[in-house]
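Each step along the sequence shown adds one to the number in the working numbering, with nothing skipped, and position 34 is 292.
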Amino acid sequence: MAAWAGAVTLAQSVLDDAEVGGPVMGATLTMGVADFDEVAEKITAAGGTVALPKYALPGMAWQGYFHDTENNVFGIHQPDPEAK
């Protein structure tokens, strides 16, 4: 598309063809939370689904990944030195 026509393509995404349950193609945001279980419950109550269940990063944190209602993947991370 010509820049002089008022529109420019800066980048094109290959993500439109990504399959749910397939590999993540791009960056995945992970947010720190105070209570993993509480936030996970709110996510699923709002229509999100579990992509990768809660797991321990031993001695560091609890972490897990979800799909939002548009199938975008994101993570939550609760620091916890007792995680195992």
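Each residue gets a CB set at the ideal place from its N, CA and C atoms; glycine is no exception.
Item, Value
"On the premise that A309 lies in contact with Y323, defined as a C-beta separation below 8 Å, what is that separation, rounded to the nearest angstrom?", "4 Å"
"Here's the rule: buried if 16 or more other CB atoms are within 10 angstroms of the residue's CB, otherwise exposed. What is V282?", "exposed"
"Give the secondary structure of K342 by DSSP, where H, G and I count as helix, E and B as strand, and everything else as coil.", "coil"
"With distances taken Cα to Cα, identify the nearest neighbour of T327 among E340, A314, T302.", "T302"
"Quick check: what's the CA-CA separation for D338 versus M289?", "14 Å"
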